[in-house]
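Chains as they are written, first to last, in the numbering used here: chain D, 177 to 378; chain A, 177 to 378; chain Z, 177 to 378; chain S, 177 to 378.
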């Protein structure tokens with residue numbers, strides 16, 4: 177029903193995270209109602225993103241070097257001399273790093289894994305930076321690797337997978353503590369969460 | 177916390193319908209993880225959209241003329257000789273036109289109003305194509321205008337507003353029938369809907 | 177884990193509409209925390225319900241005759257001389273009758289069917305008052321039977337079933353009108369509802 | 177619209193936890209459709225509940241003594257010689273005790289507080305068994321009191337209140353550990369929960 181060009185763009189927007197066909201169509205009609213200048217601003221900013229923003233070679237976080245620093249290979253966290261070099265926190269994706277930074281409780285370094293892997297779909301493994309993580313973990317400065325993945329089935333499966341691969345390195349690995357989150361009611365808490373909350377009482 | 181270029185693009189994506197800051201950030205990181213070629217495909221398709229897709233001068237629907245038809249002013253529905261010229265269906269936005277076409281019950285023409293207006297925020301009026309609708313409605317071929325707006329408070333207020341402006345033209349205006357939708361339970365139906373369902377029984 | 181008496185009562189409360197085991201347990205602990213007098217008030221009012229409230233022999237609605245009217249067989253609606261005797265509205269259950277009364281648009285009589293029947297579970301048929309409805313429908317005063325069931329799959333299947341059984345009586349049967357309910361958005365309307373809304377425009 | 181007896185019972189059922197007027201009406205019509213014998217079974221079981229089930233004088237949990245044990249003052253948990261006497265777990269209500277038992281990780285004793293208190297509505301304090309808790313806490317066998325309340329605003333306010341009152345007794349008090357529950361995603365975790373999850377890593 178949509179014209180070929182609209183259909184083409186709906187398909188591209190449908191690949192964006194959280195976007196389905198219906199929302200993608202709304203994006204296209206939104207763009208159609210913008211002026212030519214407004215649309216050009218969007219496309220030019222998207223292109224500038226790829227030029228200006230680099231990926232840190234140590235932790236794979238994005239960062240934007242200033243104009244006279246275009247040779248920088250490391251992000252602002254990896255370059256920060258005040259951060260502890262003995263703690264490495266592995267997160268799934270860059271948006272998971274921000275809530276940890278916001279707690280202001282963590283002063284170590286990060287490693288962005290690039291995804292999680294479900295038990296069933298093993299092909300997801302390819303996009304994970306396992307090899308890069310193992311190289312990084314061999315750095316003798318690192319004393320503990322915190323596996324900070326979602327406590328979902330996929331996150332758990334990935335954590336187990338990481339632990340198995342990190343084990344031969346003889347490095348201490350930890351996981352985020354389980355317990356009752358803010359706002360939780362005992363009556364609806366699952367047994368595993370409640371067990372952890374009881375053990376971790378303080 | 178985000179770099180300036182990322183921040184800039186998050187702000188632009190936040191203007192997209194249904195998109196908030198968090199989703200906008202996910203879009204930016206999605207783009208960052210694409211290859212340069214993939215990103216260029218997206219921006220080039222967005223730019224092509226504005227070049228290839230035109231807005232119908234009669235109904236304001238988008239359409240994509242073929243290469244040797246670049247002078248076309250009317251969309252495929254307005255040009256379709258088999259469509260009834262005496263029925264005009266006013267919808268709020270282009271995505272509202274599609275479900276009506278899918279019913280295969282309507283064979284008349286359309287008019288895309290461009291928005292609705294709330295009782296409180298009168299400034300919304302400016303983006304509505306009232307003047308264009310009045311010109312169109314004066315076409316003597318048109319015998320009935322179906323006001324097919326949402327039955328929300330905004331849709332109702334806009335329908336009343338249209339009816340008031342169309343009245344001097346002495347043209348028949350109708351609204352979509354009220355009643356129980358598929359899957360509804362009497363116990364939870366509001367009085368107005370149930371009244372209409374009783375009156376419209378058949 | 178619960179004591180036998182608590183378990184027994186949880187099972188009885190679990191049979192109440194909308195109540196599961198967890199809510200049933202909360203009811204039991206609520207009762208345990210009431211005083212003996214408060215609990216006795218509840219049980220005595222439940223027993224009085226069965227004594228005082230009768231079921232109308234014509235429409236099967238509940239009604240409460242006054243002390244000197246204990247021989248009454250008909251509810252206040254069936255006895256109301258101002259109600260139209262030529263319209264009979266079939267509803268699934270007594271709670272469906274109230275929203276229709278609240279519209280103040282219907283002045284005919286009712287018939288409470290006692291349930292709906294799913295296509296799959298034919299045993300549900302037994303609790304339906306089909307035989308009683310057929311007897312009632314043969315009353316020559318009745319000119320139209322409005323089948324006012326939910327527009328759910330079960331309601332639709334039951335309506336079809338009623339229509340098939342009423343057909344030999346040669347009496348006009350109607351169903352509630354379909355259309356957009358109050359507050360609906362075109363974009364999310366299903367095709368059948370939208371078709372009816374277009375046909376039923378006015 | 178409902179008859180007086182039905183109205184009366186709807187009001188009584190509306191006092192049950194989680195029940196509103198609409199659900200209460202459904203309960204009444206459910207009872208009306210039961211046979212006299214079925215209704216009498218319900219009322220007789222409710223009355224037996226108050227006779228058979230007692231409230232433990234130590235922890236305020238309900239329990240059901242056998243016929244030849246009618247003088248029992250303590251529930252089966254408080255009488256269980258294998259339970260640790262040095263741990264006391266304070267919960268809000270009896271339904272909160274069950275999920276803790278189900279973890280099979282806790283072998284101490286309980287105390288049912290009888291409610292929580294919001295910061296704003298101080299009158300809620302009256303129904304709390306504060307005095308009884310203080311008496312219980314003075315038992316020298318008890319070495320630690322675990323305040324196992326919901327991590328909601330009300331639960332937190334009540335926990336603070338309890339800690340303030342228990343402080344003069346010089347007894348160790350702990351709270352359930354905070355952390356990520358099963359199935360949680362970092363991106364949606366609040367800062368406090370994530371801080372606790374980081375600190376409690378293992």
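Note that the Cβ used here is the ideal one computed from N, Cα and C, for glycine as well.
Reduced DSSP category for residue 240(D) - H, G, I as helix; E, B as strand; rest coil
coil
For the region 233-249 of chain A against the region 273-286 of chain A, are there 3 or more C-beta pairs whose distance is under 8 Å?
yes
Residue 311(A) CB to nearest chain D CB: under 8 Å?
no
Let me know the secondary structure DSSP gives residue 350(Z) once reduced to three states.
strand
Whose C-alpha, out of 180(A), 286(A), 191(A) and 252(A), is nearest the C-alpha of residue 325(A)?
286(A)
Closer than 8 Å by beta-carbon distance: list the chain S residues that pair up with residue 205(Z), in chain order.
238, 269, 270 and 271
Short of 7 Å in beta carbon distance, which residues of its chain neighbour residue 342(Z), apart from the five on each side in sequence? Order them along the chain.
313, 321 and 349
Partner residues on chain D for residue 275(S), Cβ-Cβ distance less than 8 Å
362, 363, 365, 367 and 370
Under three-state DSSP, which class holds residue 416(Z)?
With chain Z represented from 177 up to 378, any question about residue 416(Z) goes unanswered, as that position is not in the structure.
Which complete beta strand (DSSP E) runs does the region 184-271 of chain S hold, if anything under 3 residues is left out?
263-267
Cβ neighbours of residue 283(D) in the same chain (closer than 7 Å, five flanking residues each side left out)
259 and 260
Below 9 Å between beta carbons is the criterion; list the residues of the region 282-296 of chain Z that meet it against any residue of chain A, in chain order.
282
Could you please give the first and the last residue of the uninterrupted beta strand (DSSP E) stretch that includes residue 285(Z)?
285-288
For residue 365(D) and residue 356(D), which I take to be in contact (beta-carbon distance under 8 Å), what is that distance rounded to the nearest angstrom?
6 Å
Residues within the region 321-350 of chain Z neighbouring chain A, beta-carbon criterion of under 7 Å
322, 324, 326, 327, 328 and 350
Mark residue 311(S) as exposed unless 16 or more other C-beta atoms lie within 10 angstroms of its C-beta, in which case mark it buried.
exposed
Are the Cβ atoms of residue 372(Z) and residue 353(A) separated by less than 8 Å?
yes
What does residue 375(S) reach in chain D if we use C-beta pairs closer than 8 Å?
281 and 353
Spatial distance of residue 256(D) from residue 250(D) (CA atoms):
10 Å
Where do the ends of the alpha helix (DSSP H) carrying residue 341(S) lie?
329-342
Along chain S, in chain order, which residues have C-beta atoms closer than 7 Å to that of residue 201(Z)?
271
If you count every other CB in all the chains shown that lies within 10 Å of the CB of residue 264(A), and 16 or more means buried, which is it?
buried
Coarse secondary structure for residue 358(S), derived from DSSP in three states
coil
Tell me whether residue 376(D) is buried or exposed, calling it buried when 16 or more other Cβ atoms sit within 10 Å of its Cβ.
buried
Would residue 218(S) pass as an interface residue toward chain Z - the criterion being a Cβ-Cβ separation below 8 Å?
yes
Can you pull the chain Z neighbours of residue 319(A), defined as C-beta to C-beta under 9 Å?
Going along chain Z, no residue has its Cβ under 9 Å from residue 319(A), so there is no contact; the nearest lies around 13 Å.
Which first and last residues belong to the alpha helix (DSSP H) in which residue 312(D) is found?
306-313
On a Cα-Cα basis, can you pick out the residue from 268(A), 281(A) and 278(A) that is closest to residue 301(A)?
268(A)
Are the C-beta atoms of residue 264(Z) and some chain A residue less than 8 Å apart?
no
Among 224(D), 227(D), 211(D) and 339(D), the one whose alpha carbon lies nearest that of residue 229(A)
211(D)
Please classify residue 338(Z) as buried or exposed, where buried requires at least 16 other C-beta atoms within 10 Å of its C-beta.
buried
What separation, rounded to the nearest whole angstrom, lies between the Cα atoms of residue 367(Z) and residue 328(Z)?
15 Å
Partners in chain A for residue 225(D), counting only beta-carbon separations shorter than 9 Å:
181, 182, 184, 185, 204, 207, 208 and 215
Run through DSSP, which three-state label would residue 275(D) get?
helix
N- and C-terminal bounds of the alpha helix (DSSP H) containing residue 345(S):
Premise fails: residue 345(S) is in no alpha helix (DSSP H) and is neither H nor E.
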